[in-house]
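**Q** Can you read through this structure? Questions will come right after.
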Amino acid sequence: MLQQETILRHEHVTVMPDARRSEARPEMLEDVVLMLGRQFAAYHAACQSALAEKLGIPLADLKALELVMEFDALPTGQLAQLMGISSGGATALINRLEAAGYVQRGRHPLDRRMIVIRPVEEQCQHLLQERQWVADAVAATARRYDAMELETVHAYLAQCVRALRHDTLVWLEAGSAQRTF
């Protein structure tokens, strides 16, 4: 039966036909959007501030480091774009992170003129250890759900992250194209 159903694609979001969708209450969907949007962002920002304070580094440096860790190799211009700072501000920020041993500069593999920032695995491991309590709390909460429920949550969150990553990369590319001209 699944073979006969059509799964609609809108860019990077998969939408199941009406017969396959759950009958979620509109208020529940609004709550999910609120939680994943504003509330998650607010509490994540608070955790970042506490961690930056604990590590003794500026909050902007921690945010930049987390972006570099997520994207693995980030051109300096894109880091500036993501941070909303000037290229000079990005250079100063990268200099601090490099002096602290968190990142290293290198050449872009396809365009040797471009500088990319990469995380230094050993030094960034310390940051990951400081966040272990979050991973432990998530794992403890996850133990309350059965395998099927966790698979559903995982699939949903993975789809959300793919969509956000896709949109972010499109935005970064558009910004890079505008700076080129």
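My numbering numbers the first residue of the sequence shown as -14 and each following residue consecutively. Here a beta-carbon is modelled for each residue, glycine too, at the ideal position from N, C-alpha and C.
Going by the beta-carbon positions, is the gap between M68 and A75 smaller than 8 Å?
**A** Here residue 68 refers to the residue found at position 83 of the sequence shown. Here residue 75 refers to the residue found at position 90 of the sequence shown. Closer than 8 Å, so yes.
**Q** Assign L82 to buried or exposed, taking buried as 16 or more other Cβ atoms, counted over all protein chains shown, within 10 Å of its Cβ.
**A** Translated into the one-based positions of the sequence shown, residue 82 becomes position 97. By the neighbour-count rule (16 or more Cβ atoms within 10 Å), L82 is buried.
**Q** Sort out for me which residues DSSP pairs I100 with in a bridge.
**A** As a working mapping, residue 100 is identified with position 115 in the sequence shown. In DSSP, I100 forms a bridge with R92.
**Q** Is it buried or exposed, V53, if we count other Cβ atoms within 10 angstroms and call 16 or more buried?
**A** Here the question's residue 53 lines up with position 68 in the sequence shown. Its Cβ being crowded by 16 or more others within 10 Å, V53 is buried.
**Q** Which of helix, strand or coil does DSSP assign to P11?
**A** In the sequence shown, the residue the question calls residue 11 occupies position 26. Three-state DSSP puts P11 in a helix.
**Q** Which one or two residues does DSSP pair with P60 in a beta bridge?
**A** If you number the sequence shown from 1, residue 60 lands on position 75. P60 is bridged to V101.
**Q** Report the rounded CA-to-CA distance for E115 versus S34, giving the unit in angstroms.
**A** For the purposes of this step, residue 115 is identified with residue 130 of the sequence shown, where counting begins at 1. For the purposes of this step, residue 34 is identified with residue 49 of the sequence shown, where counting begins at 1. About 13 Å.
**Q** Ordered along the chain, which non-local residues of its own chain (more than five positions away) have a Cβ less than 8 Å from that of I70?
**A** Working through the sequence shown from its first residue, we reach residue 70 at position 85. Excluding sequence neighbours, I70 sits near A45, L78.
**Q** Quick check on this structure: which residue in L40, T153, A124, Y130 has the alpha carbon closest to the alpha carbon of Q110?
**A** To locate residue 110, count along the sequence shown from 1; it is residue 125. Closest in C-alpha terms to Q110, from the list L40, T153, A124, Y130, comes L40.
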